[in-house]
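Under UniProt numbering, the first residue of the sequence shown carries the number 1, and numbering increases by one thereafter.
For each residue, glycine too, the CB sits at the ideal point set by N, CA and C.
What follows is a set of notes on a single structure, which appears directly below.
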Amino acid sequence: MQVTLMKSKILRAEVTQADADYEGSLAIDSTYMERVGLLPYEKILVGNITNGERLETYAIPAPAGSHAFCLNGAAAHKGKKGDLLVIMSFAQMDAEEAANFHPRVIVLDDSNRTIAKERTGTSADEGLFKIV
Numbered sequence: 001m002q003v004t005l006m007k008s009k010i011l012r013a014e015v016t017q018a019d020a021d022y023e024g025s026l027a028i029d030s031t032y033m034e035r036v037g038l039l040p041y042e043k044i045l046v047g048n049i050t051n052g053e054r055l056e057t058y059a060i061p062a063p064a065g066s067h068a069f070c071l072n073g074a075a076a077h078k079g080k081k082g083d084l085l086v087i088m089s090f091a092q093m094d095a096e097e098a099a100n101f102h103p104r105v106i107v108l109d110d111s112n113r114t115i116a117k118e119r120t121g122t123s124a125d126e127g128l129f130k131i132v
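And the structure:
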């Protein structure tokens, strides 16, 4: 049996730009993409914490160290500069692999910099993932 689990998450990313005239996607600082295991052009689910919108698009790398999160194309109509996002990707795996799988997660501060803390555990209260 195959199950779909959250593979990676970037939490509280602040939109740095929204460009409706660009061809599409969400540009993400490539440093963050690497840390959570997101590949260029990988499908992502984006939740806008600020306005409640959700959308599917794909990730493209922005320059490393830029702290950029740019909504492009149609996605730019789902948020604006300053909005907070949660960005998630998912993976399918068999139930045996899923039993020991932990997503890669980063949490950002109000300057799009990583909050340095780790959370691991085996219950929802302890956290089912490791902040990388």
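- In this structure, L85 is the residue among H102, L85, L38 and E96 with its C-alpha nearest to the C-alpha of D109.
- Nearest to Y41 by alpha-carbon distance, out of A98, Q92 and M33, is M33.
- Setting aside the 5 residues that flank it on each side, L55 is surrounded in the same chain by V46, A75 and K78, each with a C-beta closer than 6 Å to its C-beta; the list follows chain order.
- For the stretch 76 to 118, the full-length alpha helix (DSSP H) segments reaching 4 residues or more read 95 to 99 along the chain.
- In the displayed model, T50 falls within coil according to three-state DSSP, outside both helix and strand.
- M6: member of the beta strand (DSSP E) spanning Q2 to E14, first to last residue.
- According to the DSSP secondary-structure assignment, D29 is paired through a beta bridge with A62.
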